[in-house]
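Report on the following structure.
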Amino acid sequence: MKYIFTIVILLFAGLHFKFAAQTDPRLDQAMESAGSDLKASFELLFEVLDDAIEHNDWELAGKVSKTPLYSIDPSYFIQYTAGKTYSDFHQQIVFLHQQMRYYVAIEADFDKSFEYLVQIRKLLEQKSSDVLFPVVMGDVYYIAYWIKHVQHDLQKAREYGELLLAHAEKFEMKTLLITAKLGLAELDQHEGKIDIAITAFKEISKEIEPTDSVTMNRVYSLLSNAYIDAGSPDTALKYGKLGYEIVPEGNLQLKSFMTIHVARGYMSNGKADSAVIFGEKAIAILNEIGAKKEIKDLHALLAEAHEMDQNYEQSLYHLKSFLELEQDQASLESAANIANLEAELEKQKSDAALDQEKTKTKEREAEIEKRNLLLYGLTIIIILAIVAVIIAIRSYLNKKRAAMTIQKQKEAVDEAYIQLEEKNTEILDSITYAKRIQTAILPPQKIVKEYLQDSFILYKPKDIVAGDFYWMEQVNNKVLFAACDCTGHGVPGALVSVVCNNGLNKSVREYGITEPGKILDKTREIVIQEFEKSEEEVRDGMDIALCALDGNILEFAGAHNPVWIIRNGSQEIDEIKADSQPIGKFEHAQPYTTHRIELEKGDTFFIFSDGYADQFGGDKGKKFKTANFKRLLLSIQEKSMNEQKRIIDQTFEEWRGDIEQIDDVCIIGVRV
25 MKYIFTIVIL LFAGLHFKFA AQTDPRLDQA MESAGSDLKA SFELLFEVLD DAIEHNDWEL
85 AGKVSKTPLY SIDPSYFIQY TAGKTYSDFH QQIVFLHQQM RYYVAIEADF DKSFEYLVQI
145 RKLLEQKSSD VLFPVVMGDV YYIAYWIKHV QHDLQKAREY GELLLAHAEK FEMKTLLITA
205 KLGLAELDQH EGKIDIAITA FKEISKEIEP TDSVTMNRVY SLLSNAYIDA GSPDTALKYG
265 KLGYEIVPEG NLQLKSFMTI HVARGYMSNG KADSAVIFGE KAIAILNEIG AKKEIKDLHA
325 LLAEAHEMDQ NYEQSLYHLK SFLELEQDQA SLESAANIAN LEAELEKQKS DAALDQEKTK
385 TKEREAEIEK RNLLLYGLTI IIILAIVAVI IAIRSYLNKK RAAMTIQKQK EAVDEAYIQL
445 EEKNTEILDS ITYAKRIQTA ILPPQKIVKE YLQDSFILYK PKDIVAGDFY WMEQVNNKVL
505 FAACDCTGHG VPGALVSVVC NNGLNKSVRE YGITEPGKIL DKTREIVIQE FEKSEEEVRD
565 GMDIALCALD GNILEFAGAH NPVWIIRNGS QEIDEIKADS QPIGKFEHAQ PYTTHRIELE
625 KGDTFFIFSD GYADQFGGDK GKKFKTANFK RLLLSIQEKS MNEQKRIIDQ TFEEWRGDIE
685 QIDDVCIIGV RV
C-alpha cells in the first residue's frame with residue numbers, strides 16, 4: 025500500500041542524518057498556517073529550502089524533507105522543482121536528494137526516484153572524499169534497497185543491502201549499520217529462512233540504544249511478522265503489542281501503522297473481537313490524518329474479522345465496501361478525466377468554427393477589394409498578387425494549427441486511456457486482495473493432511489475469487505469435509521460462498537450437528553434466513569457433496585453432487601447419488617438423505633463440483649463429460665493420491681488447451 029510504504033520511509037528518514045538541534049522557525053510557521061492558507065505555507069517552506077540549498081545547509085534541507093506538508097498536496101513540490109538547475113556540486117547533491125526522497129516517499133514513483141538515485145551516485149563517485157559522501161551515499165544504498173524490496177526483486181535488494189552494510193561498517197555509522205542488518209534479515213524471512221531471521225532480529229535488538237524507540241518499534245514489527253510466518257500467533261501478537269506500546273507520543277502515522285499491525289496479530293491468533301476493536305481504532309486515526317485509501321484497506325481486515333466472529337452481516341458489509349470503494353473511486357476519476365477531455369474537444373470545435381468564420385470574412389473582404397481594384401491598372405495587379413500571397417500564408421498557418429490541434433486531442437485521448445488502464449489495474453489489485461479474505465476461510469493444507477492423511481484437493485478457481493470452495497471440520501473422531509459449488513463465479517460467487525461457508529460452520533459449531541443430512545438441512549435454513557434480509561428476492565444457493573468419515577464408516581449427504589467410490593481392486597465406480605435440491609430457496613424442499621457406507625482398507629472415494637466435467641476442450645471443443653471423468657479415475661486408481669492429483673490437473677489443462685476455463689473446479693479424493 026502506497027501510504028503504508030510512505031510511513032515506513034518517513035519512519036527511517038531520520039536514520040542516516042544527524043540534524044542540528046535548532047529548527048528554523050519558518051518551518052513551524054509553515055505548519056501552523058497550513059490549515060488556513062496552504063499555498064502560503066508551501067511558499068514559506070520552499071523559501072527555507074532555497075536558503076538551505078544556496079548555503080549548502082544539508083541539515084536544514086533534511087528538516088524540510090521531513091515535514092508532512094508534501095503528503096497534503098504533492099503538486100506544489102512538482103511546481104517548485106520545474107526547470108531548476110544548480111552548478112555547485114553540493115547544491116546539486118542536496119537538490120537531487122530532495123527529488124529522490126520526494127518521489128519514493130510521497131509519489132511512490134520508484135522508477136522516477138531511481139533516476140535521481142543514479143544521478144546522485146554518479147556525482148558522488150567522482151568525489152568520494154567529499155564531506156557529504158558517507159551520509160548521502162548511505163541514503164542512496166538504503167533507498168535503492170527499499171525500492172527493489174517493494175518491487176519484489178529480492179536478489180537486487182540483497183545486493184544493495186550488502187552494499188549498505190559494507191558502507192556503514194567502513195564509515196562506522198552505527199544507526200545505518202543496524203538498518204542494514206535489519207534489511208538483510210527481513211530478506212531472509214521473505215526467502216523462507218524464518219528461524220534465521222528471528223535469531224537475527226533478536227540479536228540486532230541488543231545493539232539498539234534504549235532511547236531509540238523508533239528503531240525498536242521496527243524490530244518488534246519484524247518479529248511479529250516473522251512469528252506469524254512461523255505459525256506462532258501468540259508470540260506474534262506479543263511483539264505486535266510491544267511495538268504498539270512504545271509508539272512515540274503524537275506520531276499518528278506510526279500509531280495507525282502499528283494499530284493495524286496489532287489488529288492483524290489478533291486475527292492470526294483467532295481473536296476476532298480484539299481485531300475489530302483495534303481495526304476501529306485504526307480507522308479513527310486514519311480519519312484524523314486523512315488517509316482515505318487505508319480506510320478502504322481496513323474494510324478487508326474487518327470483513328475477515330467479522331466473518332471469523334460469525335457476524336455475517338457486518339462481514340458482507342465490509343467486503344462489499346472494500347470492493348465498491350475502490351471501484352467508485354476509479355469510476356469518479358475516470359469520469360472527471362473524460363468530462364475534461366470532452367470540454368476541451370468542444371472548445372477546439374468552437375475555435376475551429378470561429379477561425380472558419382474569420383476566413384470567410386477575409387475572403388469576402390478580399391472579393392470586394394478585388395472589384396474596387398479593377399478600376400486601377402497595374403497597381404491593381406500588384407495588390408492582387410500581394411493578397412494572393414497573404415491568403416496562401418494564412419491557409420498554410422491554419423492547416424498547421426489544425427494539425428497541432430488534432431495531435432493535442434490524440435495525446436489527450438491517449439492519456440485518458442492510460443489512466444483508465446491504471447485504474448483497471450488498481451481494481452484488479454483490490455479483487456486480488458479480496459482473494460486473501462476468501463483464502464482465509466479455506467482449511468490450510470496442514471489441517472487437511474492431519475485429518476485426511478492419504479488425500480488430495482484440486483482447487484482451480486476460474487477467476488481471482490471463486491464460487492467453489494472446500495470445507496472441513498473435526499468433531500471428536502469424525503472428520504467432516506465437503507466440496508461446495510455456489511451460484512456463479514468471480515466476485516458474485518465469492519460473496520455467496522461467504523454466506524454458505526458461514527452456514528456450514530454455524531450448523532456444526534453452534535448447533536453441534538454432525539450427521540451430514542441434518543447439517544445440510546440446518547445450513548439451508550441459515551442461508552435462506554440470511555438472504556431473506558434483503559428487500560429483493562435472492563434465489564442464489566449452493567450445490568454440495570458432504571462427507572463424514574469415522575474410521576472406515578463413511579456418511580454422505582449431497583445437494584445435486586454425488587460421491588464416487590472405487591473399491592480396492594475393482595474396475596467399477598459405485599455412485600451414491602445426491603438429493604435433487606440445492607442449498608437455498610426451493611419450492612418442494614425435503615430433508616436431505618444421509619447415506620451410510622462401510623469402507624475397507626484401500627478403498628478410494630471422490631467428491632467434486634461440476635466444473636471439471638463441464639469444461640470445453642479437445643479437438644472439437646466439446647465438454648469433457650462425466651463418463652470421461654470416470655474412465656480417467658479408474659485408469660489411475662493404482663497411483664498414489666499425489667500422483668492422481670497431478671494427472672487429473674494435467675489432463676484438465678491438456679483438454680482445455682487455449683480455450684478459457686468456464687467454471688471453478690474443486691475435487692477432493694480420499695483413500696482409506
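Under the working numbering, the first residue of the sequence shown is numbered 25, with each subsequent residue one higher. Idealized CB from N, CA, C, for every residue including glycine.
Euclidean distance between Cα positions of residue i and residue j
{"i": "Q605", "j": "L570", "result": "14 Å"}
{"i": "G517", "j": "E215", "result": "34 Å"}
{"i": "E579", "j": "V300", "result": "38 Å"}
{"i": "K384", "j": "Y400", "result": "25 Å"}
{"i": "Y535", "j": "N501", "result": "18 Å"}
{"i": "Q596", "j": "R695", "result": "Residue identity differs from the one stated: residue 596 is Glu in this sequence, not Gln. Computed Cα separation, rounded: 16 Å."}
{"i": "F640", "j": "H285", "result": "45 Å"}
{"i": "D688", "j": "L573", "result": "25 Å"}
{"i": "E393", "j": "I415", "result": "14 Å"}
{"i": "S479", "j": "Y263", "result": "37 Å"}
{"i": "I319", "j": "M665", "result": "44 Å"}
{"i": "D297", "j": "N311", "result": "21 Å"}
{"i": "K647", "j": "F653", "result": "11 Å"}
{"i": "P485", "j": "I590", "result": "27 Å"}
{"i": "Q175", "j": "K136", "result": "14 Å"}
{"i": "K432", "j": "R418", "result": "21 Å"}
{"i": "A506", "j": "L340", "result": "23 Å"}
Identity of the residues DSSP links to residue i by a beta bridge
{"i": "T628", "result": "I590, R695"}
{"i": "R620", "result": "E579"}
{"i": "A572", "result": "L504, E579"}
{"i": "W170", "result": "Paired residue(s): none; W170 is not in a bridge."}
{"i": "S65", "result": "In DSSP, S65 forms no bridge with anything."}
{"i": "S479", "result": "V694"}
{"i": "W14", "result": "An answer regarding residue 14 cannot be provided, because it is not within the stretch 25 to 696 covered by the chain."}
{"i": "Q175", "result": "Q175 pairs with nothing; no bridge assigned."}
{"i": "G641", "result": "K646"}
{"i": "D567", "result": "D509"}
{"i": "Q498", "result": "V503"}
{"i": "K484", "result": "V689"}
Beta-carbon proximity of residue i to residue j, cut-off 8 Å
{"i": "A287", "j": "A306", "result": "yes"}
{"i": "F629", "j": "W588", "result": "yes"}
{"i": "S229", "j": "M240", "result": "yes"}
{"i": "I270", "j": "S237", "result": "yes"}
{"i": "T463", "j": "I488", "result": "no"}
{"i": "V160", "j": "I144", "result": "yes"}
{"i": "I585", "j": "I631", "result": "Reading off the sequence, residue 585 comes out as Asn, not Ile. The answer is yes: Cβ separation under 8 Å."}
{"i": "T617", "j": "G541", "result": "yes"}
{"i": "F465", "j": "F493", "result": "Before going further, note that residue 465 is Ile rather than Phe in the sequence given. Result yes, Cβ atoms of I465 and F493 sit closer than 8 Å."}
{"i": "V523", "j": "V503", "result": "no"}
{"i": "K669", "j": "L482", "result": "yes"}
For residue j and residue i, believed in contact at Cβ under 8 Å, the rounded distance
{"i": "Y244", "j": "L266", "result": "5 Å"}
{"i": "I568", "j": "A583", "result": "5 Å"}
{"i": "I686", "j": "D638", "result": "6 Å"}
{"i": "A327", "j": "L343", "result": "4 Å"}
{"i": "A290", "j": "L261", "result": "Strictly speaking, residue 290 in this sequence is Tyr, with Ala absent from that position. Rounded, the Cβ-Cβ distance is 6 Å, consistent with contact."}
{"i": "I22", "j": "I167", "result": "Outside the shown range of the chain, which is 25 to 696, sits residue 22, and nothing can be said about it."}
{"i": "G565", "j": "G608", "result": "2 Å"}
{"i": "T576", "j": "E539", "result": "One detail in the question is off: residue 576 reads as Asn in this sequence, not Thr. Contact doesn't hold; Cβ gap of about 18 Å is too wide."}
{"i": "L208", "j": "R242", "result": "Not a contact, Cβ separation roughly 14 Å."}
{"i": "L347", "j": "V515", "result": "7 Å"}
Spatial neighbours of residue i in its chain, beta-carbon cut-off 7 Å, leaving aside the 5 residues before and after
{"i": "A45", "result": "Any reading at A45 needs caution, since the residue's pLDDT is 35, under 50, leaving its predicted position unreliable; the model's value is listed next. Answer for A45: no residue qualifies."}
{"i": "E678", "result": "none"}
{"i": "R680", "result": "Q639, G641"}
{"i": "Q53", "result": "L68"}
{"i": "L187", "result": "Y165"}
Closer than 7 Å: residue i CB and nearest the ligand HEM heavy atom
{"i": "D545", "result": "The ligand HEM is not part of this structure, which contains no ligands at all."}
Own chain partners of residue i with C-beta closer than 6 Å, once the 5 adjacent residues on each side are dropped
{"i": "G626", "result": "N592"}
{"i": "E497", "result": "L504, V532"}
{"i": "G303", "result": "A287, L322, L325, L326"}
{"i": "K459", "result": "I488, V489"}
{"i": "Q338", "result": "H330"}
{"i": "Y268", "result": "M282, V286"}
Below-8 Å beta-carbon distance, residue i vs any chain C residue
{"i": "I550", "result": "Any reference to chain C falls outside this structure, which holds one protein chain only."}
Spatial neighbours of residue i in its chain, beta-carbon cut-off 8 Å, leaving aside the 5 residues before and after
{"i": "L211", "result": "H173, L178, A181, R182, G185"}
{"i": "F225", "result": "L206, A209, V243, L246, L247, A250"}
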